[in-house]
Every structure is written in structure tokens, then in C-alpha cells.
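Position 572 of the sequence shown, counted from 1, bears residue number 572 in the UniProt record's numbering, the numbering being contiguous throughout.
Glycine included, C-beta positions come from ideal geometry on N, C-alpha and C.
If you're wondering where the values come from, they're calculated on a predicted model, not measured in any experiment.
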Amino acid sequence: MPTLEEAPATSPNAVFLYRTGVAAGARAKAGPRIGANAAADTFRCHDMALRRGGDAGGAQNVAEAPSSVALYPPEGHRLESLYMAIDKIRRRLRTVRYATRMLSKTSNGRLNIIRLARKTISVGRSEGLSGIKTRIVTLALALQSKDGSALLSPPLTYEAWLDRFDILKDQHLRAAKAHHRSLDLPEIRIVSFIGHSDVPLVGRMVEGWRSSIHERWNAVLVLPNDLSESETSALRARLADEPNITISKGGARLEALLAENQPTLLCRGPVLLNPLSLYMLIEAAVRTGASLVYADNDRMDGDGVRRDPQFKPQYSPLYLSHFNYIGDCVLVAGKPDLDREPIGAASFEDPEAFDRLIAAIGASGKVEHVPFVLYHMLRTVDRRARPFPAPSDHGPSVSIIIPTKDGVGYLRPCIESILEKTSYARDLFEVIVLDNNSKLDETRDYFGELSRLSNVRVIAYPHKFNFSKINNFGAQQTERDILVFLNNDTVVIDPQWLSKLVAQAQREETGVVGGKLLFPDGTLQHAGCAAGVGMGTIRHLSNHRPAEDIVDRDHTREMTVMTGACFAIRRSVFWDVGGFDPILAITWNDAKLCLDCLAAGYRNIYIADPLLIHDESKTRERDNTRETMARFFDEAHYTRSRYRSYFFDDPSYSPNLSAERAGDLAEPPRVRRPWLRAERTRKKILVLSSVYKLGFGVPLVIQQHVRKLVELGYEIVIGGPVAEREFAFPGCERVELSSSKEAAVYAFCNDVDLIVCHTPPFFTIPTLIGGHIPVLSYDYGEPSADFFPEPTRSYLIEVEDQKRSAASLTTQLAAISQAVKDETINDRAVVVGLANSHLPAWSPMHRPRRQRVRQATGWEDRFVVLTVCRFSENERVYKGLDKIARMIREFAYLYPEKADRMAWALAGAGSAHDVAQVEALGFTVFPNVPDEELTDLYTAADAYLGFSRWEGYNLGISQALAMGLPTLASDIPAHREFPIATTGSVLAACKWLTNEVDRQDETDRNRKATVYDWEVSSTKFADLVAITLAG
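Encoded structure:
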């Protein structure tokens, strides 16, 4: 990323880096004020305040900084130091107060005061007051930068969700009709069976058929066999003018209705279709080749109010075999192979016939789920699960593997509950305790007790803790058929827990099997997990809720990911997929094993019976330290980069459910409307940044890029917060968007084809849209958080975690320099460099101006060394001013005859207090100068020094090159990409400077601009856009 003097905006939290700014209109008593007529474009960013060549902008720019800029007393005033101290305390209190307020809003407004107090005391004892403050600030920043407003907002009601995202809006209907006209979709037969109570609703059902934009349909209305003749005759008379609707009586075999090779929509009960139902179902069947297609639905009451949405997972055969989650309206495309899956004599009169038929058709061919609400039940349907056969207590042999380190207090109840409560045959299972460096005498004594038991083994694992390696080691110690991996903080509550796990694990198609786990207070610890929820991570479903809350909707079924606290898997399958991945030492290992099984063609099964108590992670600290959080994000990136599709669209979790909080409604849905699959002649691109204000760097880059994209015919929408004075983007639409969620909703509702992200908080948008809209993220880099105090340090850490977390789900990554790409540790990133052709470039016409400026500053006979950067006390070391100050001192000792000729000029943003401090280091300071004066300084200078300890792309150096200045910079990766000299040595820098002093006149005569053309950079960016859109 360009440096703090050049870096682009990274967040709306600009307060952190403007706190030492001076008051609007203030100017320190420093270098003489100089004037010039030439205006220069400004290139600076938001909170990383990137300017064209530095941070030396004038009073106008400081006035536009965030409201937390301190208004200090005049320089030298007796109250200055007192005011600064008071202001510092005020700002810290405000930060903590804000963080506390954010925390109080978590969990839908419920704050566990006791738990928070305990944690506060624990942190205070180990880390002191500073540790408590750091934790609060870090979490508050995390909530804010990770779209905290979205995370803390109440969930949408279904009514509000429909108002935002329903497909029946006019613009969607128009688009759907146009797409439908472009297709040649076959005729559909509708077979609808109704009961006695549904007869009054037939009129509404028929109106639904008539409304269809797919007009090639005919219908068979199947009435109950015992419906009275008068009611039957009345219906026949009512439908006499409907030539494509016939009426039949029940009793026929269901499969006979499917004998013809014609797409058939089977409906049971009062199913109301909407105008898009037939079109979207048959389009999906034709596009995917599915033999069975189903959709989501809701219920509509007599007043037309829609409620109780049924958002369904992808095809789950085990789930369907005992519970018809698919619903009462399915499209059978073609003749199913029912000989392979016989269903017996099934008729519409058989209450379970429909369910058996659907399950049989699903097992005989491909099944497609259309994740849109395509029909409405006009009454409540009572649907019950069919029970599984009772599991046997005799079957394959089992090894229960339990890693532990000391902790007898929870290991003993775990093993005792296994041995005392398990109904599975005692001679068919064993317990393997893996001792990972236990130290306590009581542990050794307990291990001695266990060694005397016939089916318990204690095996030492004397190595560093690595969950994956320990469990793999345990699996190597057994030849038994089934492996059960169990946490040592679990307790058996269901005697048949092992029988139920084994019954599912021994199935040929099964990979991992997990079960429902409860906290000691009876609330849910694990009822399955959802991948991609929690900003692209994994979240437990219904965590901490009372178990009885989900009884009616919790079923044994396929599940993508489950917790490793209780896993069962066949030993052959475990080694077939490679076991636990040893790269994942602490987290994500259970998730990756689940995903490895799915990738190998197995199905993972969740058992909806409470099997054990799990006092989660008693044996290790939560992942809330900086080190553990860094590891978490690294392990997350490793896992997701290998299985991106599951995090975009978890097959066991509906894309209409939230990617932020499991079970809430999605904002927006992670789906792609079928009419958007049609090729559009003009693609719509949403460009996102947190800053567009005049004078900032990122919007200037965006302006250059979108100029080329508009020229190529793209439709461009510029999204982000709105400021009073912004860059102009000719030919583009401007919309106000303040968060990733708002941007994702806009993109979904406005049929955006590509999203381009330039700054936080928008880098997280891939976690919200499910991969249906490609995302190109353009990374400007970040300086190391270690260069800064709190809370800036925590903010920068959070930004890096955010970017790292989202990178594995981002379609295409780009970086402004090779240095930034290298820091991302992501080889997928493409370098699209910046340019400086927008900046003033040296030409012979500048010589009169140079002479005028040098005369005004008293530099006629001096050798002027220019540095441009912010110079607040917190940033001087990061910007390398300490090293340049050392050069000033050492140059005088090494070359005393030249020392008096040197003028060390520093331009940038700083307070009067900062100016006094850097003047004492030997600089002539030009604080907060406007762009014209900054150009004057470049014109008047003889050389440029830039010794930052980090840069992504140094605009100060870029401007120095445009102005033809000899340039020396610190030896960091970003600086090596320029055609300049670099060094880390003060001695070498002094030698370089004395050589430049000796050839000052020659250099001045031969001064020549080095210009990088934006046309080249913008064209490369446009090429990358085209590649990303092409997929």
C-alpha cells in the first residue's frame, strides 16, 4: 500500500491517524511560506493519508480530517502541554466508552455480565489494566471493521425480507419474461392432489397456474375418491372453460402418472404457484439435467400474508428417507427409474405414498434444489418424521480415542460415563487414552487405575500438542473397524450413543458421523455447523439455545461440517482421506476432515439425538489472544482456499439463511437468479471504497481505472460513503453504501456482474454473496501494526485479519506492487502498478519557477534534500525520520566542508508541537502546505530521501521521479521496484549525498522526468476485470 504519506484509504476509522493534526487554518512557525501558480493534483488517502508525494497538504485538508482532530492552543502557550495531556485522556476514555457500548450490544442486546466480569478479572490478573483496555478496544474495532453494525442489528422479519429480496418485483418479472422468451422450454403437466378441505381453495390454485409466464402447461386435478358427486360436479362446471385442466379421482398408482416421458409437477395439497414457478423449475431441470427439482416455499393465509418460510438444504437422501423436507411440490423431469427403487402399491390415497415416491425418484437420478420461494401452501401441512430402526448394540469393533493432558477432574467422569452407561457390547469397544505430556501425580495415579481395565489403554504421546497429529497417532494404534474421536471434557448421557454413531458410520456411503451435544446447563453446544457463516468461517447451529427449541425442526440428516468433540468414522475411510491434516494443529482440523470426506464422495451425518454433555474447550484457552487469532485466520485461509465452494454454498445450509448469524434470514440471499445467467451485452460493475473525497489517493486510482472501463463500455456504479467534495467519475452512477452488507444487498438487488473492492470494510463482501457475483479486491497493503500504539495497532491487526480471512473467498486478487503481493502470501494476486502521469512532471519550463522558489527560501547556493511524510511523534520512526536525522548529524562529521551547503527540507502533516520537535533534529519544516507549495518544494529540491521502514508503493518517490530528482530510499521491497538507489546504511547514504552535491550543476542541467502512464496501468486493470468476469 502506498505509505502513510501516500497510502490509500483503508477504513472509515480515520480518527486514529489524525489525532495529532493541527487546527483548521493553523500553520506552524517554520519554513517560509512560498507560492506558485501551478496547481497539482492531490494523491492522498483517508486514514492512511496518502498525498501526492506526501502529507504536506495545507489547512484546507486538515480542516476536512475527522472531527477528532485536536484543536491545540497556539504553539508555546503555557496551556499547550496540559491541554494535550487532557485531550489524550479524553480520547482514550471515549475509545473505551465506545468499545464498552459496542460490547453491550452483542448477542442481540444480551450481555453475560458474570462471564464478562470473570474474564475481565482473569485478564487483569495476567495482563493488568492495559490488557483489559487492549481486549476491549480490539473487540470493538473487530465489531466495527467487520461490519459491526450489521452484526449487531436485529434480524429481518420475513415480511421485511420479502420486501427487499422477493423475486416477484416488477423488474425481476420483466427480466424473467425476457429470459424465458429466449428459451425453448418443454410443456409441463401439473398433477395436483387435493383433500376434502382443499376444495374451496381450488380457485386460488388455478389462478396461480394461469399467472405463469411459462404458458405451456396442462393440469390434472386429482380429487379424493370419496368426494361427493355434487362437489365433483360443481368443480367440473367451474372449470369447464379451462381446456387445459382435467379432473380425475384418486386411486390410481402414482407411478402411472409418470409413465409418459413428460416433465410433471407433482403437488399435494393446496399449492399456490407464482408467475415464475413453472419457468424456474423447468429451466433448472433443462440446465442441469436433473430428474427431480424442488424449491423453497412458505405459507400464505387467506389475507394473502406470507409467513413460515421453508428454506431447504440441497439434496439429502438420508434426510429425505425419513422426513419429506423437500415439501409438497416437486418437478419430475422425464420418466424416473422406479424399478431400481420400488415403492410398492402407492396411490394418492396412501398418506405416505407421496413421500415414498419422492424419495425413490431422488435415489434414481440427479436432484436439483432451486433456492427460491416458488410456491405457497394455503394451509398448514402436518408432516412427521418416520423413525429410524433401533440401532443394534452389536456390530463392528470400535476404538474410542481420547487425547488428554492432566485434567483428571474432567477425564475421570468422561471415561466412567463411557464404561458405565454405554449399551454397546463391552467386548466390541476399547478406550485409548493418549497422554500428551501430563505432569501431575494424580494423573499418573489415575492412569495406573485405567491400565488395570481390560478395554482401556493409556499410550504416551510425548510431543508438542497438535490435535491432528495426536489423533492420527491414536488411529495408528488400532486395527478396529470404527474410530471414535472424543474430547476429554464430554460425558455420556444416552446409553445408545455409540450404537447410534456406529449404525450410521458403518454405511458404505458415510464419512464422518457426529451427534447433538449439550452444555452442562442443557442448552445446545452442537447441533451441526454451517460453513461460510460468521463472515466466512464456521458457526454452530442453534448454539446456546434450549434443546427443546429446535425439536420440531431438528432431524438426523446430512451435514457438511460437525465438531470434532465427538466424531465417528470407519478406519478405512479415515485413512482413505488422509486422516486429520497435521498442518492444522489447533483449529479447523475437524472441519477439514469433514470436507475431505465430502470431496472423496462420502456423506457426513449428524444425529439429532442428544448423545453427550460437552463442556466446550475446558482444556485449552479460547482463541482470543493475538497469537491464537493469527493462527486461527491462517488455518482458516488454508482450509477455505482448498474448499471454497462449501463456504460459498454449504449444501446442508440454505443460501437464504444468514452468512452472519446462523439461522437468521440472509441479507442478501446467496443465490443467482436464472435470468442473470443470460449473457448481457453491457456488464455492470460496482466499485467500492470508503473514501472519495478530493485530495485522497484511492479515489484518484479509481478515477483512472473507471475512466478506462467506461471507455470500454462497462456500466460503472461507484459505491461508498458520500463526502461533500468528491472526485468526479464521468459516465458513472454514484450510490451511498457504508458497509459490506449494504454493498452486498445493493449488488444483489441491482443485478451487479462484478464487485471491485479497494478498501476496508468492503474486502469482506465475498463472505456475504456466496460466490455468485465475482469479486476483485485491489490491495494497497498495510504497514506493520508494530509501528503504532493502541488503538491504531489493534485496528491494523484487524484489517490484516479481515483481508486475510476474505482472500481465500475472493475471486481475483490484485496488488499495487510486487511488495504488497509478497506480503499477502498469495500467489493468485496479480500486480497492477500505479502511475504518476497525473502529477506535475519536470520540464525546462520549470526552471524559472525553480529559481523563484529557491530565491524566496534562501536556497540559491544550497543543496536541498527533500523528504515528504507525516511527522507526528507516533510515526517518525515508521517514516524513517530517525534515520534521516542520523544522516544530518553524521554528514556534518564526515563532510564538514559541505555541511553548510545542505538544506534538509521536510514537508508533511504535523502539529506545532511536532514541528518544534523535528526542527530540533535539523529539518527545515513545511507543515500542512497546500498542493501548489508542495509542487514548489519538489521543483526547488536537488535530491529526495525516503527512508520509511515500510511502503506498499511510495508516491513521494513517484513524484520525485516525475520531477526528475535523484532519489535515495531505504532498502525495502517497495523501493526496489523503482529505478533508484536504495540502502540501509547511513554511511552509504552520506556518500551518495556527497556525490550528488559534487555533481549538482550537471544533474540540474540534465534533469529529466520519469513518468509512468496511467493508460498502461488502467488498461492492465481493465484486462484483469475482463478475465475475472469471464470466470
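Practice prompt. Starting from the C-beta of Y714, find all residues in its chain whose C-beta is less than 6 Å away, skip the five residues before and the five after it, and write them out in chain order.
Written response: Position 714 of the sequence shown, counted from the start, is the residue given in the question as residue 714. Only K683, I685 meet the Cβ criterion.
Fill in: Residue interval of the alpha helix (DSSP H) (run including R174)
Stepping through the sequence shown from its first residue, residue 174 is reached at position 174. 170 to 181 is the extent of the alpha helix (DSSP H) around R174.
Worksheet item: Expressed to the nearest angstrom, what Euclidean distance is found between the alpha-carbon atoms of F485 and V512?
Response: Within the sequence shown, numbered from 1, the residue matching residue 485 stands at position 485. Within the sequence shown, numbered from 1, the residue matching residue 512 stands at position 512. Cα-Cα distance, rounded: 10 Å.
Fill in: Q703 (DSSP reduced to helix, strand or coil)
As a first step, residue 703 must be located in the sequence shown, where it is residue number 703. Looking at Q703 - three-state DSSP - the assignment turns out to be helix.
Item to complete: Measure the C-alpha to C-alpha separation of G984 and R673 and round it to an integer number of angstroms.
Response: As a first step, residue 984 must be located in the sequence shown, where it is residue number 984. As a first step, residue 673 must be located in the sequence shown, where it is residue number 673. One C-alpha to the other measures close to 56 Å.
Practice prompt. On a CA-only basis, which of P651, I583, F473, A527 is nearest P371? Give me that one, please.
Written response: Indexing the sequence shown from 1 puts residue 371 at position 371. Comparing Cα positions, the closest option is P651.
Fill in: Three-state secondary structure assigned by DSSP to I773
To locate residue 773, count along the sequence shown from 1; it is residue 773. In this structure, I773 counts as coil in the three-state DSSP scheme.
Worksheet item: Between which two residues does the beta strand (DSSP E) harbouring Q525 extend?
Response: Here residue 525 corresponds to residue number 525 of the sequence shown, with the count starting at 1. Here the beta strand (DSSP E) through Q525 covers 524 to 526.
Worksheet item: Does DSSP put Q496 in a helix, in a strand, or in coil?
Response: For this step, residue 496 is matched to residue 496 along the sequence shown. Q496 falls in the coil class under three-state DSSP.
Worksheet item: Using DSSP with H/G/I as helix, E/B as strand and the rest coil, what is Q476?
Response: Translated into the one-based positions of the sequence shown, residue 476 becomes position 476. Three-state DSSP puts Q476 in a helix.
Worksheet item: Between which two residues does the alpha helix (DSSP H) containing K741 stretch?
Response: Residue numbering aside, residue 741 sits at position 741 when the sequence shown is read from its first letter. Unbroken alpha helix (DSSP H) run through K741: 740 to 749.
Practice prompt. For my contact list, F762 and P669 are in at a C-beta cut-off of 8 Å; report their separation, rounded to the angstrom.
Written response: Counting from 1 along the sequence shown, the entry for residue 762 is found at position 762. Counting from 1 along the sequence shown, the entry for residue 669 is found at position 669. Not a contact, Cβ separation roughly 19 Å.
Item to complete: Under 8 Å Cβ to Cβ from P582, same chain only, skipping five residues before and after it: list those, please.
Response: The residue given as residue 582 occupies position 582 in the sequence shown. Excluding sequence neighbours, P582 sits near N466, S468, K469, N472.
Discussion item. Nearest by alpha-carbon distance to M963: which of A806, N437, Y944, A981 is it?
Written reply: The residue given as residue 963 occupies position 963 in the sequence shown. Selected option, being the one with the closest Cα: Y944.
Practice prompt. List the whole-angstrom C-beta distance separating L726 from Y692, where the pair is believed to meet the contact cut-off of C-beta under 8 Å.
Written response: As a first step, residue 726 must be located in the sequence shown, where it is residue number 726. As a first step, residue 692 must be located in the sequence shown, where it is residue number 692. Residue identity check: residue 726 is Glu in the sequence provided, not Leu. Contact flag correct, Cβ pair sits at about 4 Å.
Practice prompt. Please classify Y315: is it buried, with 16 or more other beta-carbons within 10 angstroms of its beta-carbon, or exposed?
Written response: In the sequence shown, the residue the question calls residue 315 occupies position 315. Its Cβ being crowded by 16 or more others within 10 Å, Y315 is buried.
Worksheet item: Given A290, which residues of its chain have a CB within under 8 Å of its CB, disregarding the five upstream and five downstream residues?
Response: Here residue 290 is taken as the residue at index 290 of the sequence shown, counted from 1. Excluding residues within five positions, the ones whose Cβ falls inside 8 Å are A284, A333, G365, K366, V367, E368.
Item to complete: Could you tell me which residues DSSP pairs with Q812 in its beta bridges?
Response: Taking the first residue of the sequence shown as position 1, residue 812 is located at position 812. Q812 is bridged to L776.
Item to complete: State yes or no: is the C-beta of G362 within less than 8 Å of the C-beta of G269?
Response: Working through the sequence shown from its first residue, we reach residue 362 at position 362. Working through the sequence shown from its first residue, we reach residue 269 at position 269. No. Outside cutoff.
Item to complete: Output the boundary residues of the alpha helix (DSSP H) element that contains M535.
Response: Position 535 of the sequence shown, counting from 1, holds the residue named residue 535. M535 -> no alpha helix (DSSP H), and no H or E assigned at all.
Practice prompt. Let me know the secondary structure DSSP gives A1026 once reduced to three states.
Written response: If you number the sequence shown from 1, residue 1026 lands on position 1026. Looking at A1026 - three-state DSSP - the assignment turns out to be helix.
Practice prompt. Label S197 either buried or exposed according to how many other C-beta atoms from any shown protein chain fall within 10 Å of its C-beta, with 16 as the threshold for buried.
Written response: Translated into positions along the sequence shown, residue 197 becomes position 197. It is exposed - the Cβ of S197 has fewer than 16 other Cβ atoms within 10 Å.
Worksheet item: Sorted by chain position, which residues of the same chain lie with C-beta nearer than 7 Å to T1028's C-beta, five sequence neighbours on each side aside?
Response: Sequence index remark: in the sequence shown, residue 1028 carries index 1028 (1-based). Contacts found: L754, P774, L776, T811, Q812.
Fill in: Reference residue 1035, options G514, L272, P699, A659, closest by Cα
In this structure the chain extends from 1 to 1031, so residue 1035 is not present and cannot be described.
Worksheet item: Rounded to the nearest angstrom, how far is the Cβ of A814 from that of V832, given a contact under 8 Å?
Response: Indexing the sequence shown from 1 puts residue 814 at position 814. Indexing the sequence shown from 1 puts residue 832 at position 832. With 8 Å as the limit, A814 and V832 qualify as a contact, their Cβ atoms being about 5 Å apart.
Discussion item. So if DSSP puts M300 in a beta bridge, which residue, or which two residues, is it bridged to?
Written reply: Sequence index remark: in the sequence shown, residue 300 carries index 300 (1-based). In DSSP, M300 forms a bridge with R306.
Practice prompt. Let me know the secondary structure DSSP gives A360 once reduced to three states.
Written response: Residue numbering aside, residue 360 sits at position 360 when the sequence shown is read from its first letter. Looking at A360 - three-state DSSP - the assignment turns out to be helix.
Discussion item. Once DSSP output is grouped into helix, strand and coil, what is the label at T443?
Written reply: Taking the first residue of the sequence shown as 1, we reach residue 443 at position 443. In this structure, T443 counts as helix in the three-state DSSP scheme.
Fill in: Contact under 8 Å by Cβ, R976 with G880
Start at 1 with the first residue of the sequence shown, and residue 976 comes out as number 976. Start at 1 with the first residue of the sequence shown, and residue 880 comes out as number 880. Not closer than 8 Å, so no.
Discussion item. Quick check on DSSP: helix, strand or coil for E977?
Written reply: If you number the sequence shown from 1, residue 977 lands on position 977. Coil, per DSSP.
Discussion item. Please report the straight-line C-alpha distance between I282 and T264, rounded to a whole angstrom.
Written reply: The residue given as residue 282 occupies position 282 in the sequence shown. The residue given as residue 264 occupies position 264 in the sequence shown. Approximately 10 Å between the Cα atoms of the pair.
Item to complete: Take the Cβ of V137 as the centre, count every other Cβ of all protein chains shown within 10 Å, and call the residue buried at 16 or more, exposed below.
Response: Looking up residue 137 in the sequence shown gives position 137. Below a pLDDT of 50, predicted positions are generally treated as unreliable, and V137, at 49, falls in that range; the measurement from the model is reported next regardless. Under this definition V137 is a buried residue.
Worksheet item: In terms of DSSP beta bridges, what is I401 paired with?
Response: To locate residue 401, count along the sequence shown from 1; it is residue 401. Paired residues: I432, F485.
Worksheet item: Given a threshold of 16 other Cβ atoms within 10 Å of its Cβ, counted over all protein chains shown, does D328 qualify as buried or as exposed?
Response: Counting from one through the sequence shown, the residue named residue 328 turns up at place 328. Counting Cβ neighbours within 10 Å, D328 comes out buried, since at least 16 surround it.
Worksheet entry | Identity of the residue in N455, V408, T443 nearest D427 by Cα | If you number the sequence shown from 1, residue 427 lands on position 427. Per the Cα distances, N455.
Worksheet item: Under three-state DSSP, which class holds L612?
Response: On the sequence shown, position 612 is the one that residue 612 refers to. Residue state, collapsed to three classes: strand.
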